[in-house]
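Here's the structure, in structure tokens; my notes come after.
Protein chains: 2
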Amino acid sequence: MERGDLFVISAPSGAGKSTLCSMLIEKMEWLVFSVSHTTRPPRPGEVDGKDYFFVSEQEFEELVAEDAFLEWARVHGNFYGTHRARVMEQLSRGMDVILDIDVQGAKQVKSKLPGAVTIFILPPSWQALEERLLKRGSEDKEKIKTRLKNAMKEIEEVSNYHYCVVNDKLDEAFEELKAIVSAERSKTRRVLAGRIDITRLKPSPDSWFLS
Amino acid sequence: MERGDLFVISAPSGAGKSTLCSMLIEKMEWLVFSVSHTTRPPRPGEVDGKDYFFVSEQEFEELVAEDAFLEWARVHGNFYGTHRARVMEQLSRGMDVILDIDVQGAKQVKSKLPGAVTIFILPPSWQALEERLLKRGSEDKEKIKTRLKNAMKEIEEVSNYHYCVVNDKLDEAFEELKAIVSAERSKTRRVLAGRIDITRLKPSPDSWFLS
Chain V
0 MERGDLFVIS APSGAGKSTL CSMLIEKMEW LVFSVSHTTR PPRPGEVDGK
50 DYFFVSEQEF EELVAEDAFL EWARVHGNFY GTHRARVMEQ LSRGMDVILD
100 IDVQGAKQVK SKLPGAVTIF ILPPSWQALE ERLLKRGSED KEKIKTRLKN
150 AMKEIEEVSN YHYCVVNDKL DEAFEELKAI VSAERSKTRR VLAGRIDITR
200 LKPSPDSWFL S
Chain L
0 MERGDLFVIS APSGAGKSTL CSMLIEKMEW LVFSVSHTTR PPRPGEVDGK
50 DYFFVSEQEF EELVAEDAFL EWARVHGNFY GTHRARVMEQ LSRGMDVILD
100 IDVQGAKQVK SKLPGAVTIF ILPPSWQALE ERLLKRGSED KEKIKTRLKN
150 AMKEIEEVSN YHYCVVNDKL DEAFEELKAI VSAERSKTRR VLAGRIDITR
200 LKPSPDSWFL S
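Top to bottom, those sequences are chains V and L.
Going by numbering that gives the first Met the number 0, the first residue of the first sequence is number 0, and it counts up by one from there.
Going by numbering that gives the first Met the number 0, the first residue of the second sequence is number 0, and it counts up by one from there.
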């Protein structure tokens, strides 16, 4: 049985990660999001179990105590975590799983699953990042400054990622991301475990070749 | 300066490698073939310097003596070789280079350039391979048997390749191959060496963020 791959995608706020990941999920039917657990309150329109599993701090702490998370972190004052058993179950069914997590979470996942493929999404420039965050208009300037401070630290980690996509033009960035995710499915290990039966690549006993 | 990647593509005769490689070169402008040297006589329509550099056995031996080849081999009674300096020069200009070579050549290249990305193209089944070779009709049955004997040995090496593309439907195989070659350009090392200036990803001294 072909085992799926785990893709860890990180990016500073404003790089366009959420948009790009949603586009990926929509176009590639074998690809699924890992839905994170979080203690942050839902934003308007967010659905429990689809966007996140929204849990209380107490529930979250219980899961941590059970070692149920592949990674977890406190970001901007809220807890986020990836449920390990859930991810492993999806991978074993041959699905590719996307983890949309920050740099610290990515480090935890890499230490636990060294085969994970890591992708960093970069804005085309610092200025573009500032502009995108300011344009959103949903947060006050102090919060944006906190995000930018985190962004600066995160961008320094880019060289620890396997792949890097610069999101200047969304369509081009999407094509690049799609190629990265598609290519992984052509790794020999995966093809031989799933799509082709190697015994069909030997002459059968009644083959003309052996006559 | 962004350095290109070397792709080593191998396949048994009849797997459709030449067609797929030609399609790649046509669609991806930064991708070039490494033109091999060979002592085999040109087939109708083949152009010297484009399909191969056609040389005499004596010329070939002189190049071998000069250690001019990244790899060379005798296949079906003829010599084939890849000119090392030529490939290195293309890579250093940021181009991706495709080496269309057999399993033995691939081993030599990997030992000299461990960063080479290796791709194996498989037919969907042994029967399909036999049928394709017989349908060509350009060779007698004994030659086809020799090719099939080589094919059997080559297919055994598939697990030494990074990627594996099953050429059942040509269009799908091409998409897979394209994704593999495209993804390599998104490796962080390449992106940071070429497409993005990391200094542009830090706030400038007059940035709002620092005020």
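Glycine included, every Cβ here is placed at the ideal spot set by N, Cα and C.
Computed from a predicted structure; not experimentally measured.
Query: Rounded to the nearest angstrom, what separates L/Lys142 and V/Leu30 at their Cα positions?; Result: 45 angstroms
Query: Based on DSSP bridge pairs, tell me the residues matched to V/Trp71.; Result: V/Gly80
Query: When you compare the CB of V/Cys220 with every CB in chain L, is at least one pair closer than 8 angstroms?; Result: No answer is possible for residue 220 of chain V: the residues shown for chain V start at 0 and end at 210.
Query: DSSP state of L/Ser24, grouped into three classes?; Result: The sequence as given places Ile at residue 24 of chain L; Ser does not occur at that position. In this structure, L/Ile24 counts as helix in the three-state DSSP scheme.
Query: Is there a Cβ of chain V sitting closer than 8 angstroms to that of L/Ala178, yes or no?; Result: yes
Query: Using the three-state DSSP reduction, which class does L/Tyr112 fall into: helix, strand or coil?; Result: The question names Tyr, but residue 112 of chain L is Leu in the sequence shown. Coil.
Query: Check each residue of the segment 176 to 200 of chain L: if its Cβ is closer than 7 angstroms to any Cβ of chain V, include it; give the result in chain order.; Result: Ala178, Ile179, Ser181, Ala182, Ser185, Lys186, Thr187, Val190, Leu191, Arg194, Ile195, Arg199 and Leu200
Query: By the DSSP assignment, the alpha helix (DSSP H) with L/Ser9 in it spans what residues?; Result: Premise fails: L/Ser9 lies in the beta strand (DSSP E), Leu5 to Ser9, not in any alpha helix (DSSP H).
Query: Does L/Lys26 pass the burial test, meaning 16 or more other C-beta atoms within 10 Å, or should it be called exposed?; Result: exposed
Query: Of all Cβ atoms in chain L, is any one closer than 8 angstroms to the Cβ of V/Lys144?; Result: yes
Query: Please confirm whether L/Trp29 has its beta-carbon closer than 8 angstroms to some beta-carbon of chain C.; Result: This model lacks chain C altogether, as its protein chains are V and L.
Query: Is V/Ala150 near V/Pro11, with beta carbons less than 8 angstroms apart?; Result: yes
Query: Please state whether DSSP places L/Ile195 in a helix, a strand or coil.; Result: coil
Query: In three-state terms, what does DSSP make of L/Lys106?; Result: helix
Query: For chain L, find out if any of its Cβ atoms is closer than 8 angstroms to the Cβ of V/Glu138; answer yes or no.; Result: no
Query: Please name the residue, chosen from V/Leu121, V/Cys20, V/Gln107 and V/Gln57, that lies closest to L/Leu200 on a Cα-to-Cα basis.; Result: V/Leu121
Query: Do V/Ser110 and V/Gly223 come within 8 angstroms of each other at the CB atom, strictly closer than that value?; Result: Absent from the model: residue 223 of chain V. The displayed extent of chain V is 0 to 210, so no value can be given.
Query: Under 8 angstroms between C-beta atoms, does V/Val7 make it to chain L?; Result: no
Query: Using only CA atoms, which one of L/Asp196, L/Phe208 and L/Arg189 lies nearest to L/Gly93?; Result: L/Arg189
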